[in-house]
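For the sequence shown, the positions run 83 to 335 when the numbering used here is used. Have a look at the structure below before the remarks.
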Amino acid sequence: MMFTETCLTILLLSAAQVFVSDSSSLQPPETAKDKQVMTLVIDPGHGGYDSGCVVPGLHEKVIALAFSRRLGQKITELDPYIHIIYTRTDDAAVPLQQRTAYGNQIQADAFVSIHCNAHHESVVKGFETYVYGEQAVECGHNHEEHASETTNNLSGPNAILSNLHQQKARTESIELAQHIQRGISRQALINNRGVKQGRFRVLKYSQVPSVLLEIGYLTNPSDRYNLQRNSYQNRLADQLAQSIIAYLRQESV
Ligand SMILES: [Zn+2]
């Protein structure tokens with residue numbers, strides 16, 4: 083079903099308000115009233131009919147949602163001036179184009195999509211940070227799901243402006259990815275597989291700094307075990323929260 087641009091805008095703005103976390107109602111304390119309010123979109127991968135990677139007894143969409151909420155809570159605890167908007171808060175199927183549009187419509191300060199990976203060799207494990215790039219590397223994830231092309235219906239000056247925003251955002255996305263990777267390396271919680279490029283559709287048309295995080299391999303016994311533990315998720319979320327805040331606040335990590 084196709085929506086007109088106007089209808090889509092109304093839908094997105096309405097939905098974005100629904101998904102704003104409780105942190106949006108916080109009033110800045112007197113001592114920090116000059117601190118800039120920022121907005122982060124957290125996108126739990128998949129949902130609904132789309133389970134993502136599936137291993138016996140475990141669906142990627144479930145881990146992605148649980149970890150996304152934990153990450154959002156950690157960021158709110160550490161910096162209540164960063165508003166968290168989730169692209170989904172339950173087992174809903176949200177179109178990829180709509181997920182990207184959330185960030186673009188509100189001109190978010192960053193967009194982070196959360197996924198788990200899979201590989202036919204169970205020894206493959208670790209954490210990867212993806213930015214959009216045509217030089218995509220081989221990846222165990224189902225890229226067909228994420229990379230199917232769509233036409234950009236903008237034309238003329240709007241298309242040029244959109245491309246300029248995308249180019250700027252891609253440069254900033256690399257900076258965000260580097261912040262995250264430095265944190266992962268320092269904490270040594272999980273095998274660090276580095277920053278990579280991927281043709282992920284959810285990143286392609288983003289006009290804000292955007293990364294897709296593969297937080298572990300569900301096909302690897304060690305990663306799979308860890309990702310189901312609250313204590314591990316808390317430690318990983320805490321590390322990521324610090325890195326993302328450092329990027330948003332332009333602090334060194
Ligand atoms: Zn995924």
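No residue lacks a Cβ here, since even glycine has one placed at the ideal position from N, Cα and C. A quick note: this is a predicted structure, and the numbers were derived from the prediction, not measured.
Following the DSSP letters along the chain, one finds residue 192 inside the beta strand (DSSP E) bounded by residues 192-199. For residue 326, there is no enclosing beta strand (DSSP E); the residue is part of the alpha helix (DSSP H) that begins and ends at 312-330. For residue 305, the uninterrupted alpha helix (DSSP H) segment begins and ends at 303-309. Taking 6 Å as the cut-off, the C-beta of residue 141 does not count as close to any heavy atom of ligand 1. Here DSSP, grouped into helix, strand and coil, assigns residue 169 to coil. For residue 297, the secondary structure class from DSSP, reduced to helix, strand or coil, is strand.
Sequence-distant Cβ neighbours of residue 269 in its own chain, meaning closer than 6 Å and more than five residues away, are 321. Taking every residue with its beta carbon within less than 5 Å of a heavy atom belonging to ligand 1 gives, in chain order, 127, 134, 197. With respect to the C-alpha of residue 287, the residue from 265, 255, 277 having the closest C-alpha is 255.
Annotation: residue 122 is outside any alpha helix (DSSP H); the continuous beta strand (DSSP E) that includes it extends over 120-126. CA-to-CA, the gap between residue 118 and residue 205 works out to about 44 Å.
By the Cβ criterion, the region 120-129 is in contact with the region 158-168, since at least three pairs of Cβ atoms, one from each stretch, lie closer than 8 Å. In the displayed model, residue 156 falls within a helix according to three-state DSSP. Distances from the alpha-carbon of residue 295 to those of 159, 282, 333, 306 put 282 closest. According to the DSSP assignment, residue 214 belongs to the beta strand (DSSP E) that extends over 209-214.
The bridge partners DSSP lists for residue 129 are 132. Under the 8 Å Cβ criterion, the region 270-280 counts as touching the region 307-326, having at least three qualifying pairs.
In the assembly as shown, residue 189 is an exposed residue. Its beta-carbon has fewer than 16 other beta-carbons within 10 Å. Going by beta carbons, residue 201 and residue 299 fall inside the 7 Å limit. Residue pairing for residue 292: DSSP places it in a beta bridge opposite 193. When 331, 192, 150 are compared, the shortest CA-CA separation from residue 252 is found for 192. In the DSSP assignment, residue 186 falls within the alpha helix (DSSP H) that extends over 178-188. Between the C-alpha atoms of residue 133 and residue 142 there is a straight-line separation of about 6 Å.
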